[in-house]
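A.B. asks: Protein chains in written order, with this note's numbering: chain A, 1 to 115; chain B, 116 to 270.
C-beta: ideal position from N, C-alpha, C; glycine also.
One structure is given below, represented as structure tokens, and several questions about it will come after.
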Amino acid sequence: HKQIPGVSSGCQQGGCLTCSDYNGCLSCKPRFFMHLERIGMKQIGVCMTSCPPGFYGTRSPERNTCTKCRSECDSCFNKNFCTRCRAGFYLHLGKCQENCPEGLARSDTQRECVS
Amino acid sequence: RPALRAVIKVALLNHDPTGKPITLEGVFVGGSAGYAEGKLMQYHPLSLCNTSEDERQESDFITIVKLEHRVPRCLPLLDKARMALDKGAQAVIFDVSDDANAAAELRETDSLSRPVVLVRAKDAEQLMGLVNKNEEAKVRIEIMVEQPQSLHYDV
């Protein structure tokens, strides 16, 4: 890659296959996930072995990517299956809801609907 | 119809507010010439791929994307520009220094709701230099008014 003097390089990452100084990683080595990380006004590509909290990994022939969980979800398996909710929401059957079904109570500590 | 040129005025937010703005140039595409103002916000070329990424920003921002020919497009540039505008961008700036096909791809369009500007070479490098150092900046985009050629009369 072209090293531009005075520009911090986003390329010194183990998982990067191709990269540029302004965009960081452009593609990842096999099995790594591409995560687009926002740092203030910048957004750079980072190659990770697993996605950070709040994101889930999706594999595809072109590229493995990290995708954001739903907004009410702190961590998830995929878009439709949450594993931990944001404060004020309660987990029931993989979904985050503001209220629990009848017969279940809201647990603020676990952020889940509990019997 | 020749593409209209854009004047891009950049004021650094964490510096002396009375300081002179940096003035750069670009080219409007897709019949999108017009005025826009907002904070500069970089998007990676692999972003703006699907609507599910609900990374909403504050309202008044201007998106800048440095395009790279080595990155296969997840969407045509026109769709990326529209997606950025749909996410609230007041305008989109594409740095096409390293992607020669981008300019041709965008020039044929005519249906963009807000300004989309192409920058290259030193203008682009100066903008991306600010981004790389995370220098928060307010950007104003205007249509460049070409100075009329002075006519010489032999009297």
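1. Report yes or no: is there a C-beta of chain A within less than 8 Å of the C-beta of residue 188 (chain B)?
2. Is there a Cβ from chain B that is less than 8 Å from the Cβ of residue 22 (chain A)?
3. Taking residue 150 (chain B) and residue 43 (chain A) to be in contact with their CB atoms under 8 Å, please state how far apart those CB atoms are, rounded to whole angstroms.
4. Under a Cβ-count criterion, where at least 16 other Cβ atoms within 10 Å of its own Cβ denotes burial, should residue 39 (chain A) be classed as buried or exposed?
5. Three or more C-beta pairs under 8 Å: does that hold for the region 23 to 32 of chain A against the region 60 to 67 of chain A?
6. Between the region 183 to 211 of chain B and chain A, which residues of the former have CB atoms less than 9 Å from a CB of the latter, in chain order?
7. For residue 26 (chain A), which of helix, strand or coil comes out of DSSP?
8. Can you tell me whether residue 198 (chain B) is helix, strand or coil according to DSSP?
9. Are the region 177 to 197 of chain B and the region 124 to 134 of chain B touching by the rule of at least three beta carbon pairs closer than 8 Å?
10. Could you please tell me which residues of the region 151 to 164 of chain B, in chain order, have their CB closer than 9 Å to any CB of chain A?
11. Along the region 45 to 66 of chain A, where does the CB come closer than 9 Å to a CB of chain B? Name the residues.
12. Return the residues of the region 89 to 106 of chain A that lie within a Cβ-Cβ distance of less than 7 Å from chain B, sorted by chain order.
13. Here's a check: name, in chain order, each residue in its chain whose Cβ is nearer than 7 Å to the Cβ of residue 89 (chain A), leaving out the five neighbours to either side.
14. What's the C-alpha gap between residue 203 (chain B) and residue 103 (chain A)?
15. Nearest by alpha-carbon distance to residue 198 (chain B): which of B:213, B:212, B:161 is it?
16. Let me check one thing: in DSSP terms, what residues is residue 213 (chain B) bridge-paired to?
17. Look at the alpha carbon of residue 193 (chain B) and the alpha carbon of residue 120 (chain B), and state the distance between them as a whole number of angstroms.
18. From the DSSP output, in three-state form, read off residue 99 (chain A) for me.
19. Would you call the CB atoms of residue 207 (chain B) and residue 234 (chain B) closer than 8 Å?
20. Looking at chain A, which residues of the region 236 to 264 of chain B have a Cβ within less than 9 Å of any of its Cβ atoms?
21. With a 10 Å radius around its C-beta and 16 neighbouring C-beta atoms as the bar for buried, classify residue 2 (chain A) as buried or exposed.
22. Just how far apart, CA to CA, sit residue 75 (chain B) and residue 187 (chain B)?
C.D. replies: On the basis of the supplied data:
1. Here residue 188 (chain B) refers to the residue found at position 73 when the second sequence is read from its first residue. No, residue 188 (chain B) lies away from the interface with chain A (no Cβ there is under 8 Å from its Cβ).
2. Numbered from its first residue, the first sequence carries residue 22 (chain A) at position 22. True, the Cβ-Cβ gap to chain B drops below 8 Å.
3. Position 35 of the second sequence, counted from the first residue, corresponds to residue 150 (chain B). Position 43 of the first sequence, counted from the first residue, corresponds to residue 43 (chain A). Actually they do not touch by this definition, with Cβ atoms about 25 Å apart.
4. For the purposes of this step, residue 39 (chain A) is taken as residue 39 along the first sequence, with counting starting at 1. Burial call: exposed.
5. Yes, the region 23 to 32 of chain A is in contact with the region 60 to 67 of chain A.
6. Those would be 183, 185, 186, 187, 189, 210, in chain order.
7. Looking up residue 26 (chain A) in the first sequence gives position 26. In this structure, residue 26 (chain A) counts as strand in the three-state DSSP scheme.
8. The sequence position of residue 198 (chain B) within the second sequence is 83, counting from 1. Reduced to three states, the DSSP call for residue 198 (chain B) is helix.
9. Per the Cβ contact rule, the region 177 to 197 of chain B is not in contact with the region 124 to 134 of chain B (fewer than 3 Cβ pairs under 8 Å).
10. Under the 9 Å Cβ criterion, the region 151 to 164 of chain B contributes 154, 155, 156, 157, 158, 159, 160, 161, 162, 164.
11. Those residues of the region 45 to 66 of chain A that come within reach of chain B (Cβ to Cβ, closer than 9 Å) are 45, 62, 63, 65.
12. Residues of the region 89 to 106 of chain A with a Cβ closer than 7 Å to any Cβ of chain B: none.
13. Here residue 89 (chain A) refers to the residue found at position 89 of the first sequence. Excluding residues up to 5 positions away in sequence, 72, 96, 97, 98, 111 lie with their Cβ nearer than 7 Å to the Cβ of residue 89 (chain A) in the same chain.
14. Residue 203 (chain B) sits at position 88 when you count from the first residue of the second sequence. Residue 103 (chain A) sits at position 103 when you count from the first residue of the first sequence. CA-to-CA, the gap between residue 203 (chain B) and residue 103 (chain A) works out to about 42 Å.
15. For this step, residue 198 (chain B) is matched to residue 83 along the second sequence. Taking only the C-alpha atoms, the option nearest residue 198 (chain B) is B:161.
16. For the purposes of this step, residue 213 (chain B) is identified with residue 98 of the second sequence, where counting begins at 1. Its beta-bridge partners are B:183.
17. What you label residue 193 (chain B) is simply residue 78 of the second sequence in a count that begins at 1. What you label residue 120 (chain B) is simply residue 5 of the second sequence in a count that begins at 1. Between the alpha carbons of residue 193 (chain B) and residue 120 (chain B) lies a distance of about 19 Å.
18. For the purposes of this step, residue 99 (chain A) is taken as the residue at position 99 of the first sequence. It is coil, neither helix nor strand.
19. Start at 1 with the first residue of the second sequence, and residue 207 (chain B) comes out as number 92. Start at 1 with the first residue of the second sequence, and residue 234 (chain B) comes out as number 119. Not in contact: residue 207 (chain B) and residue 234 (chain B) (Cβ atoms no closer than 8 Å).
20. Cβ contacts with chain A: 240, 243, 244, 245, 246, 247, 248, 249, 250, 251, 252.
21. Counted from its first residue, the first sequence places residue 2 (chain A) at position 2. Note that residue 2 (chain A) scores a pLDDT of 42, beneath 50, so its modelled location is shaky and nothing firm can be said.
22. Lying outside 116 to 270, the shown extent of chain B, residue 75 (chain B) is not represented and no answer is given.
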